[in-house]
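Residue numbers (UniProt numbering): 1 to 926.
This is the structure in structure tokens:
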């Protein structure tokens with residue numbers, strides 16, 4: 001029968017005719033199948049008829065001999081019109097297909113369209129969404145029609161194996177791996193798993209996989225490496241590595257030996273994936289040379305046994321650290337040297353950051369990494385440069401002012417960098433007096449460039465770390481910058497301008513610093529435009545870090561102050577490596593062609609890292625130069641040589657082993673969707689600077705189009721309607737849409753230029769696990785936390801709520817939701833939130849009394865408060881930086897920021913997730 005109020009015609013049939021054909025107890029089952037099938041809208045006629053035939057065949061054994069009126073109407077939701085295409089230059093090999101930004105399909109209207117959900121949701125999905133198995137391209141059709149989980153009916157349609165076992169009473173075992181399970185993205189909406197997505201496991205032998213490198217340290221976009229470059233090109237997915245080489249590790253084997261065993265040809269460090277031909281010879285897993293086993297390596301220091309080199313810790317651990325002998329030193333290991341360069345102009349004093357900095361350094365001065373040789377120094381600047389004589393024997397620090405900023409010099413070079421242990425009292429006196437020393441200054445100019453030149457001269461003999469604190473645009477002397485941002489053009493501009501530096505002064509200085517083993521870290525605390533595109537170069541090319549606190553003020557933005565304090569404590573006390581280099585090697589036939597991160601590339605595979613810290617991530621793009629025909633596995637090795645803060649020369653080595661495959665289906669089955677997204681984000685940041693933001697956006701969209709097109713054309717042998725993806729890539733379009741809406745790449749909204757550039761810096765610099773939260777935040781409901789399924793960590797119960805889709809549909813005015821966006825967390829309170837949550841967690845009697853600037857959860861002695869604080873604390877503990885917490889009400893000024901992270905919803909300038917899927921389908925079907 002036709003539904004009275006439904007605009008879409010559903011099935012019409014003759015009950016008498018069906019009754020005449022029905023078998024005992026079959027009529028109800030058949031009607032239920034028809035009902036489930038016909039409640040899905042926007043499905044092609046062919047697909048609907050195929051399901052109809054399958055249902056008929058399953059219950060009655062008849063098919064096309066039964067003639068009925070059309071099962072579905074041919075109504076289709078139109079895809080967004082594609083804009084004019086043009087070639088997109090640069091490293092992303094993607095033919096552009098532009099995503100419409102300001103135009104919305106006429107028939108979609110202003111409201112968001114989703115596939116409808118009927119009351120029988122679970123049953124309907126079970127009936128229609130169980131997918132046919134993909135038969136890898138190039139393989140012969142199986143003689144057994146059920147072998148691959150697909151029964152082909154003689155009339156050409158999918159057989160009853162497509163129907164749910166619970167409905168069709170056919171429980172068929174598919175041999176298709178879960179990663180290749182076919183997913184129709186237009187039909188299956190709830191694709192987001194309820195828990196964080198784990199990294200895929202490479203298809204290796206169990207003994208190899210057990211000792212493989214941890215994915216948080218070393219991760220590949222493809223866990224199955226294609227045998228040839230042409231096969232990789234056909235897959236249309238990027239091949240690359242994402243590294244977190246200096247990550248804090250709870251367990252790290254450290255080996256002290258006078259002999260570090262390496263391949264005599266390619267200099268690979270011995271690792272778990274080499275092969276021992278006998279006790280005296282081993283074969284390199286990268287260049288395949290046979291090497292001799294040194295006599296010293298025959299002894300195992302762990303078991304204290306002799307004659308078993310394959311049991312040495314170097315051969316049992318994919319991540320290991322060596323204490324290097326003298327031949328790994330070009331000079332005596334440098335001491336830990338810390339130089340702080342502080343903006344003390346009127347604008348800087350007004351922010352109040354100087355007080356916070358001085359107090360944080362006073363609190364953590366004894367925790368600075370180093371030894372008895374550690375040195376510190378201070379430079380302050382406004383329109384002049386101020387040095388501080390902290391030489392032992394002085395009763396108080398002496399300020400030395402240099403006003404000639406055009407020809408900067410060091411007034412007393414020997415007393416400006418001092419031994420911390422010997423001069424600690426003078427350093428503490430200076431930190432106590434600095435905030436009051438400039439509190440009445442009216443100096444508004446900033447000679448940052450000259451201050452950096454002075455700092456470079458001071459660190460030239462030793463190397464070390466510069467820490468710059470800047471609050472405004474440099475406007476005096478060398479390195480002067482002009483404002484390039486016009487707020488009136490933020491939303492109106494067709495493309496974003498000024499993503500590249502305005503001057504090469506900061507890049508050249510950074511390269512000079514890198515050559516002298518000096519890294520520069522930048523703390524930017526400003527409510528005004530500071531040209532991060534130019535200033536950021538000083539950190540990018542010297543292997544430094546960038547910290548950004550927009551609108552920082554010690555009274556007006558308490559959440560920013562707390563974040564600055566926590567970040568500063570971590571920055572001052574975290575582990576650090578000096579005068580480091582990192583080399584990445586790979587099996588013969590593979591090559592590296594592009595690096596991403598903060599560093600200077602000294603040679604084709606050698607990165608210069610004057611400083612290395614445990615919070616820095618890197619990415620590299622790979623290519624296949626020679627066919628890997630004779631190989632079953634390939635290996636990648638990253639070796640980081642550095643000087644510890646204690647003056648030890650150390651080498652940290654990570655080795656990753658991955659299988660080699662020769663079929664596209666195996667390549668797709670091993671795709672790591674998060675790693676691919678992270679690498680594409682790095683590539684898009686570079687494309688934005690070298691070409692344009694619109695080119696970068698096109699290239700990211702094309703990445704999804706090309707990979708899904710390749711999958712459909714080359715992997716699927718049974719073509720079906722809809723937007724099809726393997727299960728391992730089911731979230732790829734969602735992540736691409738999230739990137740397009742991310743602050744770094746979004747258009748049409750009023751995004752400040754420095755905010756955009758800082759987001760780009762983070763995408764290139766953050767390790768993957770943290771970058772993914774910035775790309776696709778995690779949403780949780782927190783007003784009903786319980787102990788069910790909770791974790792017990794250090795005698796603390798941590799609730800584990802499920803991850804929700806980023807859509808307003810998931811919000812409720814009667815609830816409270818926590819959004820974890822990586823560097824910031826938002827606690828959204830519904831207008832009708834239960835009073836119990838307000839009183840027991842926030843400590844307020846009603847919704848109206850929730851403070852506007854609440855950023856701390858009160859420590860209340862209630863189970864609800866303890867659960868909420870435990871969950872927020874657990875999330876924060878999983879990352880090295882401190883995400884601030886913002887409590888948001890409906891009337892809050894931050895509500896638009898919160899809503900912009902609802903990636904699946906439509907905005908004025910961006911498509912909804914469903915509209916984006918329709919656009920992809922339109923491009924793929926061309």
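Glycine included, C-beta positions come from ideal geometry on N, C-alpha and C.
Predicted, not measured: the structure shown is a model, and the values here were computed from it.
Assign residue 541 to one of three DSSP states: helix, strand, or coil.
coil
C-alpha gap between residue 914 and residue 576, whole angstroms
46 Å
Entirely enclosed beta strand (DSSP E) segments - the segment 829 to 882, minimum 3 residues
none
Can the beta-carbon of residue 638 be found less than 8 Å from the beta-carbon of residue 243?
The answer is yes: Cβ separation under 8 Å.
Every unbroken beta strand (DSSP E) within the UniProt domain "Sec23/Sec24 beta-sandwich" (577 to 661), with a cutoff of 3 residues, ordered by chain
577 to 586, 590 to 596, 600 to 603, 606 to 612, 618 to 624, 633 to 644, 649 to 661
Do you know offhand how far residue 539's Cα is from residue 280's?
47 Å
Distance check for residue 362 and residue 390, CA to CA, integer angstroms please.
16 Å
Cutoff 7 Å; reference residue 764; Cβ partners in own chain excluding five residues on either side
596, 597, 682, 685
The segment 754 to 761 touching the segment 224 to 240, judged by at least three CB pairs closer than 8 Å
no
Figure out for me which residue from 625, 627, 606, 629 has the closest Cα to the Cα of residue 618.
The shortest C-alpha separation from residue 618 is found at 606.
Report yes if the C-beta distance between residue 875 and residue 858 is below 8 Å; otherwise report no.
no
If you run the structure through DSSP and keep just helix, strand and coil, what is residue 236?
Three-state result, residue 236: coil.
Compute the Euclidean distance between the alpha carbons of residue 397 and residue 564, then round it to the nearest angstrom.
For residue 397 and residue 564, the distance between alpha carbons rounds to 27 Å.
For residue 890, tell me which candidate among 815, 878, 836, 911 has the shortest Cα-Cα distance.
815
Could you compute how far the alpha carbon of residue 246 sits from the alpha carbon of residue 406?
39 Å
At which residue ranges does the segment 752 to 778 contain complete beta strand (DSSP E) runs of 3 or more residues, listed in the order of the chain?
Counting whole runs of 3 or more residues, the segment 752 to 778 contains no beta strand (DSSP E) stretch at all.
Flag this pair as yes or no: are the beta carbons of residue 213 and residue 655 separated by less than 8 Å?
Yes, these two residues count as a Cβ contact at 8 Å.
Start and end of the beta strand (DSSP E) containing residue 283?
Segment 281 to 283, the beta strand (DSSP E) holding residue 283.
Which partner residues does residue 375 have in the DSSP bridge list?
337, 419
Inside the segment 502 to 541 only - beta strand (DSSP E) runs reaching at least 3 residues:
518 to 526
Does DSSP put residue 286 in a helix, a strand or coil?
Under the three-state reduction of DSSP, residue 286 is assigned to coil, being neither helix nor strand.
Would you call residue 578 buried or exposed, if buried means 16 or more other Cβ atoms sit within 10 Å of its Cβ?
buried
Which of helix, strand or coil DSSP assigns to residue 739
helix
Can you tell me the Cα-Cα spacing of residue 821 and residue 485, whole angstroms?
26 Å
Span separating the alpha-carbon of residue 180 from that of residue 923:
Cα to Cα, residue 180 sits roughly 22 Å from residue 923.
Count the other C-beta atoms from every protein chain shown that fall within 10 angstroms of the C-beta of residue 404, then say buried if there are 16 or more, exposed otherwise.
exposed
Name the one or two DSSP bridge partners that residue 226 has.
661
Look at the alpha carbon of residue 295 and the alpha carbon of residue 586, and state the distance between them as a whole number of angstroms.
27 Å
Is the segment 801 to 809 touching the segment 903 to 922, taking contact as three or more C-beta pairs under 8 Å?
yes
At least 3 beta-carbon pairs within less than 8 Å: the segment 643 to 655 vs the segment 196 to 207
no
Just to confirm my understanding: we take residue 921, look at its own chain, exclude 5 residues before and 5 after, and list those with CB closer than 8 Å. What are they?
79, 186, 722, 723
Only counting the same chain, and skipping five residues up and downstream in sequence, which positions put a Cβ closer than 8 Å to that of residue 813?
830, 831, 832, 833
Contacts around residue 615, its chain only, beta-carbon distance under 6 Å, and the 5 residues preceding and following it disregarded
880
Exposed or buried, residue 106, counting other C-beta atoms within 10 Å across all chains shown (16 or more means buried)?
Low local confidence applies: a pLDDT of 31 at residue 106 is under 50, so the model's placement there is unreliable, with the coordinate-based value given in what follows. Under this definition residue 106 is an exposed residue.
Taking the beta carbon of residue 438 as the centre, do at least 16 other beta carbons fall within 10 Å, making it buried, or is it exposed?
So residue 438 ends up on the buried side.
Nearest CA to the CA of residue 594: which residue from 542, 687, 666, 672?
687
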